[in-house]
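In what follows, a single structure is set out as structure tokens and then discussed.
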Amino acid sequence: MIILKELEKIILDIIELNLNKAHLKQLNYKIFDDFITKVSKHFTSEINNTNNIKFNRLERNKSIYNNNDYYYSILLEYKFLLNNILTYLIFGSIDIDETIFMFNKFYTPYNHVQILFENFILQISNYVINYIFNQFSCLSDIIKFLQINEICSYSYISIRSIALYFNNLNWQNLVYLHIYQPKSIYSANYRVSLLSSKGMITKHIYLSRLENLNQLSKIKIILLFMLETKDIIIPKIEKLLIITTKYLIYIFINLFSNIIILAIRIILSYIRK
């Protein structure tokens, strides 16, 4: 509800200021940054009022904004994450860049907008939670927060389990940032998060990401080259190994059968004598 309320305020502000598509594109990062900050402040203020938990002052400090792999991954996607949603909700599909999706903008499927909106809510929620957890000064504060709000079972609340959770989360963010995200950009697809009867699932949709491709660092380009090389070489090596193995098995079977036949002949000739 907090995200929807803040999104409603942004839409009303844009309409009131009479911003067009060009202005929206120009102010996209500032709108996204302010939106995240407002949602985080709104969320933490409610927690403070309800449970008397005090967070550190929410500000754009370097430990959160400049040294966070998840934030870096969002930086490559914020234009798509927010700009297209605002364009659909305010201006309609007629102002959507028709080169980024695989269908004509005049025939935009309803489910497409629904998927983008649902993904937007989930991604913003993930980022806000990630942002807020970085406000805790130590793991014991996180445990206190989880216990008071009854977010998870007490059997999972320990210093070790929480530390392991964040280490795994940081590792996943690192792998996604340097491997999966560049590969998605290169493959012209975008991973969306959706809710289903089985919980949260991920799907991929087509998205032209030429602008993101130009923003990739040299290290990520090298990793992409290595992945492409692997995709080309490994199947050929596998095919060669399969063929070689088949020939070796064929030779071994023939050699073994010939040895058996020869042994039988020797035995028969010996018996006859």
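Residue numbering for the sequence shown follows the working numbering, starting at 557 and increasing by one per position. All C-beta atoms in this analysis are idealised placements derived from N, C-alpha and C, irrespective of residue type, glycine included.
- In chain order, LEU780 and LEU783 place their CB closer than 8 Å to the CB of LYS739, counting only its own chain and leaving out the 5 sequence neighbours on each side.
- In the DSSP assignment, THR600 forms no beta bridge with any residue.
- The DSSP-derived three-state label of ARG716 is helix.
- Around the beta-carbon of VAL595, 16 or more other beta-carbon atoms lie within 10 Å, marking it buried.
- Cα atoms of VAL684 and ILE741: separation of roughly 24 Å, rounded to the nearest angstrom.
- Pairwise C-beta distances place the stretch 801-810 out of contact with the stretch 740-759, as fewer than three of them are shorter than 8 Å.
- LEU563 is positioned such that its CB atom lies closer than 9 Å to that of PHE591.
- Rounded to whole angstroms, ILE641 and PHE662 show a C-alpha spacing of 16 Å.
- Of GLY648, VAL731 and LEU725, the smallest CA-CA separation from HIS668 is found for GLY648.
- Contact check between the stretch 763-778 and the stretch 726-738: three or more CB pairs, one atom from each, fall below 8 Å, which counts as touching.
- Annotated three-state conformation of ASN640 is helix, per DSSP.
- Judged by DSSP in its simplified three-state form, LEU632 adopts coil rather than helix or strand.
- If you check the CB distance, LYS586 and ASP651 do not come in under 9 Å.
- One Cα belongs to LEU568, the other to GLU674, and the distance between them is close to 20 Å.
- Of the candidates ILE790, ASN690, LEU583 and ARG716, ASN690 places its Cα closest to the Cα of THR600.
- Leaving aside the five residues that flank ALA744 on each side, the residues in its chain whose CB is nearer than 7 Å to its CB run, in chain order, TYR762, LEU763, SER764 and ARG765.
- By the CB criterion at 9 Å, SER629 and TYR732 fall inside the cutoff.
- Beta-bridge analysis with DSSP links THR758 to SER749.
- Here HIS734 is near LYS776, since their CB atoms are less than 9 Å apart.
- The beta carbons of LEU725 and THR643 sit no closer together than 9 Å.
- With a cutoff of 9 Å on beta-carbon distance, ILE698 and LEU560 are scored as not near each other.
- If the five residues before and after ILE713 are omitted, its C-beta is found closer than 6 Å to the C-beta atoms of ILE699 and LEU702, all from its own chain and listed in chain order.
- Under the three-state reduction of DSSP output, GLU706 falls in the coil class, being neither helix nor strand.
- DSSP places SER743 outside any alpha helix (DSSP H), giving it a letter other than H or E.
- Looking only at ARG821, LEU720, PHE636 and ASN729, the smallest Cα-Cα distance to THR655 is reached by PHE636.
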